[in-house]
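Asks: The structure under discussion is supplied below as structure tokens; questions concerning it will follow.
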Amino acid sequence: MTDDRTSSENSPGENSLVLVHTTCADRDEAERLAADLVERRLAACASIGQQVVSVYPWEGRIERDTETPLTLKTTRAMFAALRARLNERHSYDVPELLAVAVVDVNADYIQWVHDWVGDRQGA
């Protein structure tokens, strides 16, 4: 059960909250991408995590690299523009880019996200 004053169902649609996850080559790249996407109002918030070790196949070999995770908060309406900018600015040939729809969110938080990114439909 949710308290309507503090939580809001994140109904599907252009105004719904989306978490976007990617990994970066290092902390500097994560900070650069985070600042760029927030300054351009494509994301309301960017959270940079601690380094992780990723294991993946690439060009016929199993690779093992340290990467820095980056999580961005945006709206469904802004996701396409955020994805385009991230793909343009990311150092990887094939950047990991996962978008996860949020099913429930603090009402004040989603309002704060909308206040920053607006409803510019992909600007």
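Under the working numbering, read the sequence shown as residues 11 to 133, first letter to last. Cβ coordinates follow ideal geometry from the N, Cα and C atoms, glycine included.
For ALA109 and ASP75, I'd like the C-alpha separation in whole angstroms.
Replies: Along the sequence shown, read from residue 1 onward, the residue named residue 109 stands at position 99. Along the sequence shown, read from residue 1 onward, the residue named residue 75 stands at position 65. Those two C-alpha atoms are separated by around 22 Å.
Asks: Leaving out five residues before and five after GLY128 in sequence, what residues of the same chain have Cβ atoms less than 6 Å from its Cβ?
Replies: Position 118 of the sequence shown, counted from the first residue, corresponds to residue 128. Taken in chain order, the list of residues that qualify is empty.
Asks: Between which two residues does the alpha helix (DSSP H) harbouring TYR119 extend?
Replies: The sequence position of residue 119 within the sequence shown is 109, counting from 1. From DSSP, the alpha helix (DSSP H) with TYR119 extends over 117–127.
Asks: Report the three-state DSSP secondary structure of ARG37 (helix, strand or coil).
Replies: Here residue 37 corresponds to residue number 27 of the sequence shown, with the count starting at 1. Helix at ARG37.
Asks: What is the DSSP secondary structure of ASP114, counted as helix, strand or coil?
Replies: By one-based count along the sequence shown, residue 114 stands at place 104. Residue state, collapsed to three classes: strand.
Asks: What residues are listed by DSSP as bridge partners for PRO67?
Replies: As a first step, residue 67 is located in the sequence shown; it is residue number 57 there, counting from the start. For PRO67, which the question treats as bridged, DSSP gives the partners ILE72.
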